[in-house]
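A.B. asks: Numbering (the working numbering), first residue to last: 342 to 428.
Even glycine gets a Cβ: it sits at the ideal position worked out from N, Cα and C.
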Amino acid sequence: MKVNVIGEMTDEEIKQYVSRAESINKGKVIDEMTLRPDGDYVDIEYHFAPADFERIRRITGYLVGTLDRFNNAKRAEVEDRVKHSVA
342 MKVNVIGEMT DEEIKQYVSR AESINKGKVI DEMTLRPDGD YVDIEYHFAP ADFERIRRIT
402 GYLVGTLDRF NNAKRAEVED RVKHSVA
C-alpha cells in the first residue's frame, strides 16, 4: 500500500491510521491512502484495488456462477435451454 502524507505526521500516527483503515475496510485491498492533517483533524482519502468479478446468471431458477454443483438433470436442463438472441 502506498501512503501519501501531505503535511507532517509521525510514523506511529501513520501506522495507526493505516491499521484503522484496514480494520474498517475488511475484505477490500487498499491500493493507496492519502493523509492530510488539518489542525485537530485528518482528512483521509482511500483508493481501493479493483475487486475480482464473478459472473452470476439465472439458470433454471437458480442464481449461479458455475455449473459444477449441478446434478446431471440440472446440467441437461441447461444444455436443452433455448437461447434467444436480440436482433
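Using CA atoms only, rank isn't needed, just tell me which of A390, V405 and Y382 is closest to K367.
C.D. replies: In the sequence shown, counting from the first residue as 1, residue 367 sits at position 26. Checking every option, the nearest Cα to that of K367 belongs to A390.
A.B. asks: Does DSSP put D447 in a helix, in a strand, or in coil?
C.D. replies: Residue 447 is absent from the structure shown; the chain starts at 342 and stops at 428.
A.B. asks: Under three-state DSSP, which class holds K369?
C.D. replies: Along the sequence shown, read from residue 1 onward, the residue named residue 369 stands at position 28. The answer is coil: DSSP assigns K369 none of H, G, I, E or B.
A.B. asks: Please state if the CB of V344 and the CB of M374 are separated by a distance shorter than 7 angstroms.
C.D. replies: Within the sequence shown, numbered from 1, the residue matching residue 374 stands at position 33. Within the sequence shown, numbered from 1, the residue matching residue 344 stands at position 3. Yes, Cβ-Cβ distance for M374 and V344 is below 7 angstroms.
A.B. asks: Using alpha carbons as the reference points, say which of T351, D409 and V370 lies closest to H388.
C.D. replies: Numbered from 1 along the sequence shown, position 47 holds the residue referred to as residue 388. Out of T351, D409 and V370, V370 has the C-alpha closest to the C-alpha of H388.
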